[in-house]
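S.K.:
Numbering (the UniProt record's numbering), first residue to last: 1 to 292.
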């Protein structure tokens with residue numbers, strides 16, 4: 001009984017470095033950002049306390065409204081599709097025997113993951129080029145329309161969504177493959193003996209067993225989608241007009257182009273609260289229970 005306090009102390013010591021790291025690089029910056037959001041600050045003049053004026057301005061800022069709308073659309077489009085595709089591809093790969101072809105497919109799909117966003121954005125900007133881009137060149141072979149993908153207000157955001165899915169699906173595919181390998185094979189053998197089809201096995205064994213991983217994939221995908229910036233910056237710069245501007249690009253412009261640090265911090269706090277609320281909702285409805 002006397003050894004338990006020592007065991008507890010040992011556990012606290014193990015998590016102490018991570019706690020200090022989070023405190024310095026996450027919690028303290030959030031507090032500082034919250035304080036700055038109530039001030040008028042431009043890096044040159046001294047800070048001036050203005051209360052909630054920055055938040056009031058945001059409520060009437062059409063740029064913020066456009067950014068919020070675009071960020072929500074981006075998240076709603078990207079997260080379900082990349083989750084479905086990564087699960088599907090992982091299931092198809094895991095169902096096959098391990099050979100050089102499986103290794104090649106996994107490597108090919110993972111290459112975009114390890115590529116920088118700026119590189120990916122520049123590459124796809126060339127592919128989407130209306131005059132010499134590979135996509136329109138391919139479409140012209142079949143006499144199909146060749147739109148200006150990144151120059152159209154109706155197509156620009158969806159074009160960026162496609163690239164984001166292409167880049168991230170390999171990462172989540174690897175997570176799903178690892179999870180699929182951990183599912184006991186005995187469950188499938190028993191199901192086959194009972195006459196369950198492949199689809200029934202997937203619906204009643206694979207999907208329930210993947211629920212914790214799916215929760216992780218959806219949560220990470222949602223957070224990353226709300227934080228999208230560098231891909232948009234490399235491909236469209238937020239244009240045409242405000243059709244691809246996002247909340248993070250709004251924060252960037254306010255802070256480093258207009259030097260309105262207080263306003264940028266207020267926008268950052270808005271993004272933080274949105275992510276917090278969405279994560280809480282996801283945890284409420286998607287978090288796996290102990291019965292799985």
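We put the CB at the ideal spot given by N, CA and C, even for glycine.
For the stretch 143 to 208, which segments carrying the beta strand (DSSP E) assignment without a break, of at least 3 residues, lie completely within its bounds, in sequence order?
M.R.: none
S.K.: Only counting the same chain, and skipping five residues up and downstream in sequence, which positions put a Cβ closer than 7 Å to that of residue 134?
M.R.: Within the same chain, and ignoring the five residues on either side of residue 134 in sequence, the residues whose Cβ sits closer than 7 Å to its Cβ are 127.
S.K.: Could you check whether the stretch 222 to 230 touches the stretch 19 to 26, counting it as contact only if at least three pairs of C-beta atoms, one from each stretch, sit closer than 8 Å?
M.R.: Too few Cβ pairs lie closer than 8 Å, so no.
S.K.: Suppose the cutoff is 8 Å on Cβ atoms and the five residues either side in sequence are ignored; what does the same chain contact list for residue 287 look like?
M.R.: Closer than 8 Å at the Cβ level, and outside the excluded window around residue 287, lie 215.
S.K.: Name the two residues that bound the continuous alpha helix (DSSP H) containing residue 231.
M.R.: 230 to 235
S.K.: With H, G and I counted as helix, E and B as strand and the rest as coil, what does DSSP make of residue 74?
M.R.: helix
S.K.: Could you have a look at residue 49 and say whether DSSP puts it in helix, strand or coil?
M.R.: The three-state reading of DSSP puts residue 49 in strand, counting E and B together.
S.K.: On the DSSP bridge list, what partners appear for residue 40?
M.R.: 48
S.K.: So the alpha helix (DSSP H) residue 219 belongs to, where does it begin and stop?
M.R.: 211 to 226
S.K.: Do residue 70 and residue 236 have their C-beta atoms closer together than 7 Å?
M.R.: no
S.K.: Would you identify the three-state DSSP class for residue 260, choosing helix, strand or coil?
M.R.: coil
S.K.: Cutting at 6 Å between CB atoms, please list the residues of its own chain near residue 8, excluding the five before and the five after it.
M.R.: Result list for residue 8: empty, nothing under 6 Å.
S.K.: If I follow the unbroken alpha helix (DSSP H) through residue 122, where does it start and stop?
M.R.: 117 to 127
S.K.: Quick check on the DSSP output: the alpha helix (DSSP H) that includes residue 108 runs from which residue to which?
M.R.: 100 to 114
S.K.: Thinking just about the alpha-carbon of each residue, which of 38, 45, 272 and 111 is nearest to the one in residue 259?
M.R.: Answer by Cα proximity: 45.
S.K.: Assess contact between the stretch 75 to 88 and the stretch 145 to 154, defined as three or more Cβ pairs (one per stretch) separated by less than 8 Å. Is contact present?
M.R.: The stretch 75 to 88 vs the stretch 145 to 154: no contact.
S.K.: From residue 121 to residue 10, what does the alpha carbon distance come to, in whole angstroms?
M.R.: For residue 121 and residue 10, the distance between alpha carbons rounds to 46 Å.
S.K.: Kindly indicate which residue of 218, 250, 281 and 40 has the alpha-carbon position closest to the one of residue 75.
M.R.: 218
S.K.: Is the number of C-beta pairs between the stretch 186 to 206 and the stretch 256 to 270 that are closer than 8 Å three or more?
M.R.: no
S.K.: Tell me where the alpha helix (DSSP H) around residue 140 begins and ends.
M.R.: 134 to 141
S.K.: With a threshold of 6 Å on Cβ separation, who are the neighbours of residue 125 within its own chain once the five nearest residues in sequence on each side are excluded?
M.R.: 235
S.K.: Can you give me the Cβ contacts of residue 40 inside the same chain, cut-off strictly under 6 Å, excluding the 5 residues immediately before and after it?
M.R.: 48, 50 and 262
S.K.: Whole-angstrom Cβ separation of residue 109 and residue 173, contact assumed at under 8 Å?
M.R.: Here residue 109 really is in contact with residue 173; their C-beta atoms are around 6 Å apart, less than 8 Å.
S.K.: Apart from the five residues on each side of it in sequence, which residues of its chain come closer than 7 Å, Cβ to Cβ, to residue 290?
M.R.: For residue 290, the pLDDT reaches just 48, beneath the cut-off of 50, and the residue's location in the model is therefore unreliable, leaving the point undetermined.
S.K.: Give every residue of the same chain whose Cβ lies closer than 7 Å to the Cβ of residue 81, excluding the five residues on either side of it in the sequence, and list them in chain order.
M.R.: 165
S.K.: Where does residue 242 sit, in a helix, a strand or coil, going by DSSP?
M.R.: coil
S.K.: When you compare only the Cα positions, how much space is there between residue 130 and residue 98?
M.R.: The alpha-carbon atoms of residue 130 and residue 98 are separated by roughly 41 Å.
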